[in-house]
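Working notes, beginning with the structure itself.
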Amino acid sequence: MIRVKICGITTPHAYRAATEAGADWIGFNFFPRSPRHVTPQQAESIAGLRGPSRVGLFVEPDMAVIEQTLAVFSLDILQIYAGAPTCWAIAARFGLPVWRAVGVAHASDLPRTSEGLAGFVIEAKAPAGADRPGGNATAFDWSITRNWQSPGPWLLGGGLRPDNVATAVALSGASAVDVSSGVEDQPGHKSSELIRAFIAAAKADAHQA
Ligand SMILES: O=C(O)c1ccccc1N[C@@H]1O[C@H](COP(=O)(O)O)[C@@H](O)[C@H]1O
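In numbering that gives the first Met the number 0, the protein residues as written are 0 to 208.
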């Protein structure tokens, strides 16, 4: 069964829709320039006591920012946009699994070793001029991961939608997917209907793709 992360949840309504539809991870975006940005206090008021694993997204973060976030809102996994040494330092400091986000355009961009990290989010490089490294509804050629000997767990992200996720999984060989823009009806606003459609499409029998 394909595992699904719904990223950039900003309301209790969307949180409930994703949880009830069977999301495996819920992503909370702590990057201030994102239209999906939440404060730790907002994240705490959105998520219930019980629910899927919580992933905190940070871009080139200061340790203090992560520390302040964790003081208010507990996270299970940190999704980090930074180089491997920064990711190691974060993993060591907070004792949490770190997924490093890697932007790819060619097979040569794919990680070849685990880098000592818990996993990777493999997504398209940001388009020229973008003000954020992800969440741009941009896809890459999914077939480049097909024959990749992944050195650890990974999620496929970038430009996924309910209508293309089954194809993306079939072409990429991914066993987990990550979506933000593709389940929104306007930037930063999640649609419960699209969340349900995405999770159903991702978790449908892969042979139907
Ligand atoms: O969603 C954002 O605004 C964002 C900002 C900064 C870094 C990453 C961000 N989102 C992540 O990007 C990918 C793909 O997003 P999309 O589905 O193409 O919108 C996903 O991993 C999000 O977690």
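All residues carry an ideal CB built from backbone N, CA and C; glycine is no exception.
Since the model is a prediction, treat every value here as computed from it, not as a measurement.
So the alpha helix (DSSP H) residue i belongs to, where does it begin and stop?
i: L48; result: Per DSSP, L48 belongs to no alpha helix (DSSP H) and is neither H nor E.
i: A16; result: 11-20
i: L109; result: Careful: L109 lies outside any alpha helix (DSSP H) and carries neither H nor E.
i: A203; result: Element bounds for A203: n/a, residue is neither H nor E.
Pull the bridge partners of residue i from the DSSP assignment, please.
i: H36; result: N28
i: A83; result: Answer is none; A83 lacks a bridge partner.
i: Q78; result: L56, W98
i: E183; result: K189
i: R160; result: R160 is not bridged to any residue.
i: A175; result: R2
Which residues bound the beta strand (DSSP E) around residue i?
i: W265; result: An answer regarding residue 265 cannot be provided, because it is not within the stretch 0 to 208 covered by the chain.
i: I5; result: 2-6
Could you round the C-beta distance between residue i and residue j to whole angstroms and report it? I think they count as a contact, below 8 Å.
i: I76; j: A100; result: With 8 Å as the limit, I76 and A100 do not qualify as a contact, their Cβ atoms being about 12 Å apart.
i: V54; j: I25; result: 7 Å
Could you pull out every residue in the same chain whose Cβ sits closer than 7 Å to the Cβ of residue i, ignoring the five residues on either side in sequence?
i: F139; result: V103, A104, A123, G157
i: P126; result: N135, T137
Considering only residues of the same chain and omitting the five flanking positions on each side of residue i, which have a CB-CB separation below 6 Å?
i: A136; result: G158, S180
i: W153; result: G118, F119, I121
i: L95; result: L77
i: F27; result: V37, A42, G55
i: A16; result: S191, I194
Ranges of the alpha helix (DSSP H) found wholly within the segment 117-151, counting only runs of at least 4: DSSP runs (the alpha helix (DSSP H)) wholly in the segment 117-151: none.
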